[in-house]
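Residue 253 in our numbering sits at position 32 of the sequence shown; the count goes up by one each step and never skips.
Positions of the beta carbon are idealized from the N, C-alpha and C atoms, including for glycine.
Read the structure below first, then the notes.
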Amino acid sequence: MTESTYLSSSWCGLRWSAWVPFDEFSDRKAALPPGPGVYRVRPVDGDYLMYIGQTGRTLGQRLSELSKYRKTPELMPYNDPHTAAPSLWAWRDATGMDFECAGAPLPATEDARTRETVESYLLWQYRCEHGSSTLCNFGRFHPNYLKSKDLSSRKRGGRLPEGRTNPAGGQSLPPLHSAGLPCSADWMGLHWTEPRTLHGGSPDAPHGPGACTGS
């Protein structure tokens, strides 16, 4: 079977490391690039991604924090130091699956804004290729679990009572594909209104949720 592009070692023109299973992280983390970069997480030998992230520290340091989801199998980790750890814990608790990670280096001179731009591009590209978002980005969570808060709160999450669901576990919206220009009426396949000058609000603006641009 052909490997999905988002799993390849050259996805989006980056140099991705080999996959490193979290249950062997201490022994195999040397396979990760030594500096800052972006990273992706999937189920072991899986064909989809759980999470995409970036770090200005070394990839080994950041992913070591994420690996803590395995430290206490009976207790969901807190939301810090890594916000995706509770989500991986929930999926592992619910399904028994485990995860592995791969990293790609970015120059140490790149600032946080540049790294976040690369991360956002990878998330969009994954949505276009896979048809939906990763399971642990954008606040998404397992539908049968409530997420832990930060360590300072001492409030851990866990499985919800029977009959309750977490709305953060719903389906993601379809991806927007590249179309038009930022100022065109069909940018990203959406139907944009004509530009309006705002003077303390625009009474004829479309009602309901949506997107807006400014210039």
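Asked, Found
"CA-to-CA distance, R261 to R417, given in whole angstroms", "41 Å"
"Own chain residues within Cβ distance below 7 Å of E245, not counting five before or after", "none"
"Beta-carbon gap between R249 and P242 smaller than 9 Å", "yes"
"Own chain residues within Cβ distance below 6 Å of C322, not counting five before or after", "V241, Y260, V262 and L284"
"Helix, strand or coil at R236 [DSSP, three-state]", "coil"
"Given 8 Å, three or more beta-carbon pairs between the region 322-340 and the region 267-276", "yes"
"Enclosing beta strand (DSSP E) for P264 [first to last residue]", "G258 to P264"
"Spatial distance of L327 from S238 (CA atoms)", "12 Å"
"Alpha-carbon spacing of G352 relative to P395, whole angstroms", "6 Å"
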